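Residue numbers (UniProt numbering): 1 to 88. Positions of the beta carbon are idealized from the N, C-alpha and C atoms, including for glycine. Because the structure is a prediction, the values reported are computed rather than measured.
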């Protein structure tokens with residue numbers, strides 16, 4: 001399963017956002033910023049990663065529900081469930 005083309009831009013944007021936010025968290029820790037500020041920024045990183053992951057899973061679900069093109073078998077319900085649980 002590959003990330004659907006229409007989801008690719010959103011996924012990459014969310015991952016790049018998380019990458020930038022994570023760099024910000026590292027800089028905040030190195031600068032000795034307040035723990036509350038660091039945790040708040042780290043929560044934003046987590047949300048960005050979760051959103052990217054859910055977009056990937058949703059793309060997989062869409063492919064699973066679409067007619068099989070013969071290249072790859074669609075994802076099973078168990079495989080989709082495993083993907084969702086991996087994000088928890």
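Within a 10 Å sphere around the beta-carbon of residue 11 sit 16 or more other beta-carbons, which makes this residue buried. DSSP places residue 16 in the uninterrupted alpha helix (DSSP H) bounded by 5–30.
Counting other Cβ atoms within 10 Å of its Cβ, residue 36 stays below 16 and is therefore classed as exposed.
A residue is called buried once 16 or more other Cβ atoms fall within 10 Å of its Cβ, and residue 14 is buried on that count. For residue 17 and residue 24, the gap between their C-alpha atoms comes out near 11 Å. Residue 39 counts as exposed, since fewer than 16 other beta carbons sit within 10 angstroms of its beta carbon.
In this structure, DSSP gives residue 34 a state outside helix and strand, which the three-state scheme calls coil.
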